[in-house]
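> Here you go, one structure.
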Amino acid sequence: MGDTNTDEAKLQLCPGEPYPLGATWDGEGVNFALYSENAQKVELCLFDEHGQETRIRLRECEAFVWHGYIPGLAPGQRYGYRVHGPYEPDKGLRFNPGVVLLDPYAKALDGLENPERGLFAYRTGDPAEDHAKVEEDVRGVPLGVVIDPRFDWSGDRAPNVPLHQTVLYEVHVKGLTMTHPDIPEELRGTYAGMAHPAMLAYLKELGVTAIELMPVHAHLDDSFLVAKGLTNYWGYSTLSFFAPELRYSAGFRRGDVLGAIREFKEMVKALHGAGLEVILDVVYNHTAEGNHMGPTLSFKGIDNPTYYRLVPDSPRHYFDYTGTGNTLNVRHPQTLQLIMDSLRYWVQEMHVDGFRFDLASTLARGLHEVDQLSGFFTIIHQDPVLNQVKMIAEPWDVGEGGYQVGNFPVKWAEWNGIYRDAIRAFWKGDGGLAGDLGYRLTGSSDLYQHDGRKPSASINFITAHDGFTLRDTVSYNDKHNEANGENNQDGHNDNKSWNCGAEGPTDDAEVNALRARQQRNLLATLLLSQGTPMLCGGDEIGRTQDGNNNAYCQDNGLSWYDWAHQDESLLAFTRRLIGLRREHPALHRQKFFSGRPIRGTEIRDIMWFRHDGQVMSDEDWGNAHTQSLAMFLAGNGLTETDRQGRMLRDDHLLLVLSASPQPLDFQLPQVGGCKDWELLVDTSNDEASETCPCGTHTFLPPRSLKLFRCRIGD
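Structural data, given as structure tokens:
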């Protein structure tokens, strides 16, 4: 494991400064600063390329920040900490100086975790469990590495796409690029692969505006997964909130421990150059250290009561609002500062454009209830850096009262799980959903209008990384998670999916045709709804996970995008839909509909029709048998302007949906100034062409959707 040298004479230790926290190189040396209010002594541990350790006691402590400055140290220096204090788990104190700990502010890591060198502060397998303090040296956690933050950002410009014009594309860095034939093999699965011209061209042609990356913070592969030959593929087990994940670094594969930072910045710069924003999926609700029986890697051994929510009458244990064993203590000012510092770092130093917060309700919890006015949200609203970027909440956690869709503050967008469930259920064939469907198609005003937000606050999605893919949503009634090794007990049971008549792959032509139409129905509904659409990466090419709805541990072909078997027609259909959304401002309004009359006409900004051409009645909205409707959007009903202040104007649009298993003749409405309805989208026939005079009928096959336009004045 290398030798230990406690002789500090070879290095000059100066007092240094308590801020900034972490290891900061100033061109002449490095300042180290670590927060711990319960520690009795802190040792900085420097490691050379052979693993030899030099321990240096930090003697300065100001406002609980232990600090020191060492001249002559340079980027590339590896380091960790040994923190001294009581090891009394029953009191919530877990100090063990035998364990080398990772700096919470480390900007780079020197490698991945090494269980063989130890990750636990107690003797695993001992009957006394975590009370049995380990005495031998534990060095299995990666070390921090001092970085040189300089990078040539010249020419980089944030796209700053307004949220109402945004189309999100949720992807996994490795999954997206791992099998792409046009990306060199050595770059597949990496940040560099994301930045490759072939991938940039694909994303541009698809038409999305923002890439939402699944976690790229350094994470841990859980021991229970490793024991089964699996890994934490999704990465929702954060080890460091500042360091980019090395597994996605082509440079790290070549032995360059600092390459991940440069490579990530180059990826962001390339994506920006293609007009694409970068949104990070971040996990500030818990860490990889798990519950009281979990490993000691960083926070737990530095200052357990500061960083984690401990049970007051049993501080050996942790509150678990996340289902992972622990919950970060956002009520503590230092933990809150850590999160804010991390967010600012990724914006200012890494140039990302926003964040999606995993289990965001956890961050809002006061004592046991969710409080939307918690310190976390207040500080973000006041922060001059963070209040300028996109903030998206996953508005739930696993605790009581944690489902908070519609309750986040102004300036926050939310993953709208209610939208997902309603649209899936409608196309599955469930009746009585007309009223709910009306809200979801128009931006969910019932959830977002009352608190000053706009339709774009609703992040609409049909599928996401967690759950079935689009293709599997129409191919499976039940989950098939056997590959996860948990006897198919993991993952959601209520998927609101329908296999269209056969479970899984089939040669039945009718079933496959229906599945193709259902995928188009779901995609078209998503991209033609008001709000901000999020496309789950790979849905546009027909990606399947063979019915696995919880592929978090599947770092293999089950999760990687299968570029060799693309559904080319579905891809072309998706591109066309995104293009239509971009071209028609009526499809991405900045304000909610009011139902107001348009001056000088007999029409309103939005109107709803039955299949016989009559206006929808209250009885129709509440009828359990209603499975079809038409939504009319007035092109001259827009009250918004473009960035140059010019009033927006569009064609009249008519969206006709029928989830009925029976074919329907749909009477197209007569509206002033409109002569003919021109077909733009038909989910039953990609090649369909149709022009219908107002007042005539169009034929809707079972379970299908059509979009028409009428050029105003024609």
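Numbering follows this note's numbering, in which position 426 of the sequence shown is assigned residue number 426; successive positions increment by one, without gaps. Glycine included, every Cβ here is placed at the ideal spot set by N, Cα and C. These numbers were taken from a predicted model, which means no experiment stands behind them.
Between Ala434 and Thr683, how many whole angstroms is the CB-CB distance? I'm expecting something under 8 Å.
That pair is no contact at about 19 Å.
> Quick one: Cα of Ile380 to Cα of Pro702, how far?
Rounded to whole angstroms, Ile380 to Pro702 spans 48 Å at the Cα level.
> Is DSSP giving Thr506 helix, strand or coil here?
Thr506 falls in the coil class under three-state DSSP.
> Report yes if the CB atom of Asn521 is closer than 8 Å to the CB atom of Ser704, and no otherwise.
It is a contact, given that the beta carbons lie within the stated cut-off.
> Let's see if you can read the secondary structure: which residues bound the alpha helix (DSSP H) around Thr691?
Here Thr691 belongs to no alpha helix (DSSP H); instead the beta strand (DSSP E) covers 691-693.
> Hey, Leu271 and Ala195: beta-carbon distance below 8 Å or not?
Yes; because the gap between Cβ atoms is below 8 Å, this pair is in contact.
> Taking the Cβ atom as the reference point for each residue, do His492 and Asp546 lie within a distance shorter than 8 Å?
Going by C-beta atoms, His492 is not nearer than 8 Å to Asp546.
> Suppose you measure from the CA of Asp446 to the CA of Trp415; what does that come to, to the nearest Å?
Using only the alpha carbons, I get a separation of about 15 Å.
> Please state whether DSSP places Asn31 in a helix, a strand or coil.
Looking at Asn31 - three-state DSSP - the assignment turns out to be strand.
> Which residue comes first and which comes last in the alpha helix (DSSP H) that contains Pro312?
It is not in any alpha helix (DSSP H) - Pro312 carries neither H nor E in the DSSP assignment.
> If contacts are defined as beta-carbon pairs under 8 Å, then Glu277 and Ala210 qualify, I think. What distance do you get, rounded to the angstrom?
Yes, they are in contact, since the Cβ atoms of Glu277 and Ala210 sit about 4 Å apart, within 8 Å.
> What did DSSP end up calling Met616 once you bin it into helix, strand or coil?
Correct three-state label for Met616: coil.
> Could you pull out every residue in the same chain whose Cβ sits closer than 7 Å to the Cβ of Pro149, ignoring the five residues on either side in sequence?
Excluding positions up to five away in sequence, the list reads Glu349.
> What residue ranges within the stretch 636-704 form continuous alpha helix (DSSP H) runs of no fewer than 4 residues, ordered along the chain?
Complete alpha helix (DSSP H) runs here, min 4: none at all.
> Looking only at its chain, what residues have a beta carbon closer than 7 Å to the beta carbon of Tyr248, apart from the 5 residues adjacent to it on each side?
Hits under 7 Å: Val173, Lys174, Gly189, Thr190, Tyr191, Val216.
> Excluding sequence positions up to five away, which residues of its chain have a Cβ less than 6 Å from the Cβ of Met647?
So the qualifying residues of the chain are Thr641.
> Quick one: any contact between the stretch 620-632 and the stretch 426-440, if contact means 3 or more CB pairs under 8 Å?
With a cut-off of 8 Å, the stretch 426-440 and the stretch 620-632 count as touching, because enough Cβ pairs lie within range.
> Take the Cβ of Asn499 as the centre, count every other Cβ of all protein chains shown within 10 Å, and call the residue buried at 16 or more, exposed below.
With 16 or more other Cβ atoms within 10 Å, it is buried.
> Is DSSP giving Gly16 helix, strand or coil here?
It is coil, neither helix nor strand.
> Identify which residue in Gln165, Gly672, Leu657, Val226 has its Cα closest to the Cα of Thr698.
When only C-alpha atoms are compared, the closest one is Leu657.
> Check for me: the beta strand (DSSP E) holding Ala393 runs from which residue to which?
Its beta strand (DSSP E) spans residues 390-393.
> Does the structure place the stretch 57-75 close enough to the stretch 12-31 that three or more beta carbon pairs sit under 8 Å?
Because the criterion of three Cβ pairs below 8 Å is met, the stretch 12-31 and the stretch 57-75 touch.
> Would you say His465 and Met214 are within 8 Å of each other, going by their C-beta atoms?
A contact, by the Cβ cut-off of 8 Å.
> Between which residues of its own chain and Glu28 is the CB-CB distance below 7 Å, once the five residues before and five after are set aside?
Contacts found: Pro71.
> Grouping DSSP H, G and I as helix and E and B as strand, with all else coil, what is Ile261?
Reduced to three states, the DSSP call for Ile261 is helix.
> Whose C-alpha, out of Tyr321, Lys428, Ala457, is nearest the C-alpha of Gly402?
When only C-alpha atoms are compared, the closest one is Tyr321.
> Look at Leu109 and Gly80 and say whether their C-beta atoms are less than 8 Å apart.
Against a cut-off of 8 Å, the Cβ pair of Gly80 and Leu109 comes out as no contact.
> Considering Phe573, what are the terminal residues of the alpha helix (DSSP H) in which it resides?
Note, Phe573: alpha helix (DSSP H), 568-583.
> What span of residues does the alpha helix (DSSP H) with Gly375 cover, start to end?
Its alpha helix (DSSP H) spans residues 375-382.
> According to DSSP, is His292 part of a helix, a strand, or is it coil?
Coil at His292, not helix or strand.
> Excluding the 5 residues flanking Phe593 on each side, which residues of the same chain have their C-beta closer than 6 Å to its C-beta?
Closer than 6 Å at Cβ, skipping near neighbours: Thr442, Asp605, Ile606.
> Thinking just about the alpha-carbon of each residue, which of Leu168, Phe64, Asp555, Arg55 is nearest to the one in Arg78?
Checking every option, the nearest Cα to that of Arg78 belongs to Arg55.
> Using 8 Å as the threshold, is the C-beta distance between Tyr35 and Leu21 below it?
Yes, these two residues count as a Cβ contact at 8 Å.
> Could you tell me whether the stretch 152-166 touches the stretch 224-237, where touching means 3 or more Cβ pairs closer than 8 Å?
No, the stretch 152-166 does not touch the stretch 224-237.
> Throw me the rounded Cβ distance for the Gly538 and Thr469 pair, which I believe falls under 8 Å.
Indeed they touch by this definition, with Cβ atoms about 7 Å apart.
> Less than 8 Å between the C-beta atoms of Glu540 and Leu571, yes or no?
Contact: yes.
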